[in-house]
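Worksheet: the structure to be examined is printed underneath.
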Amino acid sequence: MSNILNCCTLCPRECRTDRENSSGICGGGFLPRAAKAYLHMWEEPCISGTRGSGTVFFSGCSLKCCFCQNYKISAENFGKEISVHRLSEIFLELQDMGAHNINLVSPTHYVPQIISALDKCRDRLHIPVAYNSGGYEKTETLELLRGYVDIFMPDIKYFSPELSEKYSSAPDYFEYASRAVSKMIGLAGKPEMDENGIMKKGVIIRHMVLPSHRRDSEAVLREINRLFDKESFLLSLMSQYTPFYKSSEHKEINRRISTYEYEKVAELAAGLGFKGYMQERSSAKEEYTPDFDLIGIDK
Ligand code: SF4
């Protein structure tokens, strides 16, 4: 673990930080840092099920989205450093609480520590592990997760390099995200559910429609349709965008999306024949964004 972290190139930023002595662009240091661990009821039905998804929110992020819905932890790095041993205990505690799965949110910059934690509890952890990320990933880092992760839930946020540069400081976003999804499909295989409709393995591609940018959402959907076999993933089309954090610096995204914008994108998704989930516009609530309060992190 320490070799990778002493000159970190885990994510496309490749900032080569020695994380034993300082933090990378993502905010990640040597030990994992997390802000909350609890049973999350607001993921897709096949993930949250009836008992909830055992979600661990990691602090920091290598993407720099100005509208981040979790900006307190991603941009402001709120959270607490924990040992790898404590992280493995958290996984088991979530399982004991009845979680359908372990849901790792913003895990990219902590992949080596997560693998070490999973190694510690592998013989006792019997629920699927889900990797829930912004999609800005290197395939080499994803390869490290072979055999550890069952479900991938990547975003594909943008197609346009201009938009990904403007809002996330990542002009190469789509290039990385599309290659990452292809790799994730290779690692997880086709979606599989258990007898209760809870996901056992597979990929859910998530796309949140941004205000004023439905054309880019449509371009994302067309590219997904062109690049990936429709049987190899589920699509989750989300409408819960709320103008948080630095959205106010960009007038065009400083509002909720309209019903018209969402419906046009949803119509295209339906027309392309994707399987998955479309969120009711009326169900877009702030509950999707939990309070970050270290619940489940401290012993
Ligand atoms: S994961 Fe963090 S430290 Fe590593 S390359 Fe990316 S931004 Fe830098």
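Residue numbers 0 to 298, in numbering that gives the first Met the number 0, belong to the letters of the sequence shown in order. By construction, the Cβ of each residue, glycine as well, lies at the ideal position given by its N, Cα and C atoms. Please read these numbers as outputs of a predicted model, since none were measured by experiment.
Problem set entry | For residue 45 and residue 87, the rounded distance between their alpha carbons | Using only the alpha carbons, I get a separation of about 24 Å.
Exercise. What whole-angstrom Cβ distance do residue 110 and residue 56 have, given they're in contact under 8 Å?
Worked result: The pair is not a contact, with the Cβ atoms about 16 Å apart (cut-off 8 Å).
Exercise. Considering only residues of the same chain and omitting the five flanking positions on each side of residue 120, which have a CB-CB separation below 6 Å?
Worked result: Taking residue 120 as the centre and dropping the five residues before and after it, the same chain places the C-beta of 87, 90 and 91 closer than 6 Å to its C-beta, in chain order.
For this session: Please name the residue or residues paired with residue 235 in a DSSP beta bridge.
Result: In the DSSP assignment, the residues bridged to residue 235 are 205 and 276.
Problem set entry | alpha helix (DSSP H) segment containing residue 300, residue limits | No statement about residue 300 is possible, as the shown extent of the chain runs from 0 to 298 and does not include it.
For this session: Thinking residue 220 and residue 269 are a contact (beta carbons under 8 Å), I'd like their distance in whole angstroms, please.
Result: In fact, because the Cβ distance is near 10 Å, the residues do not count as touching under 8 Å.
For this session: Give the C-beta separation of residue 237 and residue 212 to the nearest angstrom, bearing in mind that I take them to be a contact with Cβ-Cβ under 8 Å.
Result: About 14 Å separates the two Cβ atoms, so there is no contact after all.
Exercise. By DSSP, does residue 98 sit in helix, in strand, or in coil?
Worked result: The three-state reading of DSSP puts residue 98 in coil, since its state is none of H, G, I, E or B.
Exercise. To the nearest angstrom, how far is it from the Cα of residue 171 to the Cα of residue 201?
Worked result: Answer to the nearest angstrom: the Cα atoms are 25 Å apart.
For this session: Verify whether the separation of the beta carbon atoms of residue 101 and residue 128 is less than 8 Å.
Result: Residue 101 places its beta carbon less than 8 Å from that of residue 128.
Exercise. Considering only residues of the stretch 85-153, which uninterrupted alpha helix (DSSP H) runs meet the minimum length of 4 residues and lie entirely inside it, listed in chain order?
Worked result: Here the runs fully enclosed are 110-120 and 138-142.
Exercise. Hey, quick one: how far does the beta strand (DSSP E) through residue 165 stretch, first residue to last?
Worked result: For residue 165, no beta strand (DSSP E) encloses it; the enclosing alpha helix (DSSP H) starts and ends at 160-167.
Problem set entry | Expected contact under 8 Å - CB spacing of residue 240 and residue 176 to nearest Å | Contact doesn't hold; Cβ gap of about 18 Å is too wide.
Exercise. Under 8 Å, do residue 264 and residue 217 count as touching if we go by C-beta distance?
Worked result: Yes. Within cutoff.
Exercise. Which same chain residues, not among the five before or five after residue 73, have their C-beta less than 7 Å away from its C-beta?
Worked result: These residues qualify, in order along the chain: 59, 60, 67 and 105.
Exercise. Using a threshold of 7 Å, is the CB atom of residue 61 nearer than that to any non-hydrogen atom of the ligand SF4?
Worked result: Answer for residue 61: yes, Cβ within range of the ligand SF4.
Exercise. Based on the DSSP secondary-structure assignment, which residues constitute the bridge partners of residue 39?
Worked result: Within the DSSP secondary-structure output, residue 39 pairs in a beta bridge with 52.
For this session: In angstroms with no decimal places, state the Cα-to-Cα distance between residue 17 and residue 117.
Result: Their backbone Cα atoms lie some 23 Å apart in a straight line.
Problem set entry | Secondary structure of residue 301, DSSP reduced to three states | Residue 301 lies beyond the stretch modelled for the chain, which goes from 0 to 298, so this question has no answer here.
For this session: Note down the Cα distance separating residue 203 from residue 5, rounded to an integer number of angstroms.
Result: Taking C-alpha positions only, residue 203 is separated from residue 5 by approximately 32 Å.
For this session: Determine the extent of the alpha helix (DSSP H) in which residue 62 is found, giving its start and end residues.
Result: Taken as a continuous stretch (DSSP letters only), residue 62 belongs to no alpha helix (DSSP H), as it is neither H nor E.
For this session: Take the Cβ of residue 193 as the centre, count every other Cβ of all protein chains shown within 10 Å, and call the residue buried at 16 or more, exposed below.
Result: Classification of residue 193: exposed, given that the 10 Å Cβ count is below 16.
Problem set entry | Heavy atom of the ligand SF4 within 7 Å of residue 67 beta-carbon | Checking the Cβ of residue 67 against the ligand SF4 gives no.
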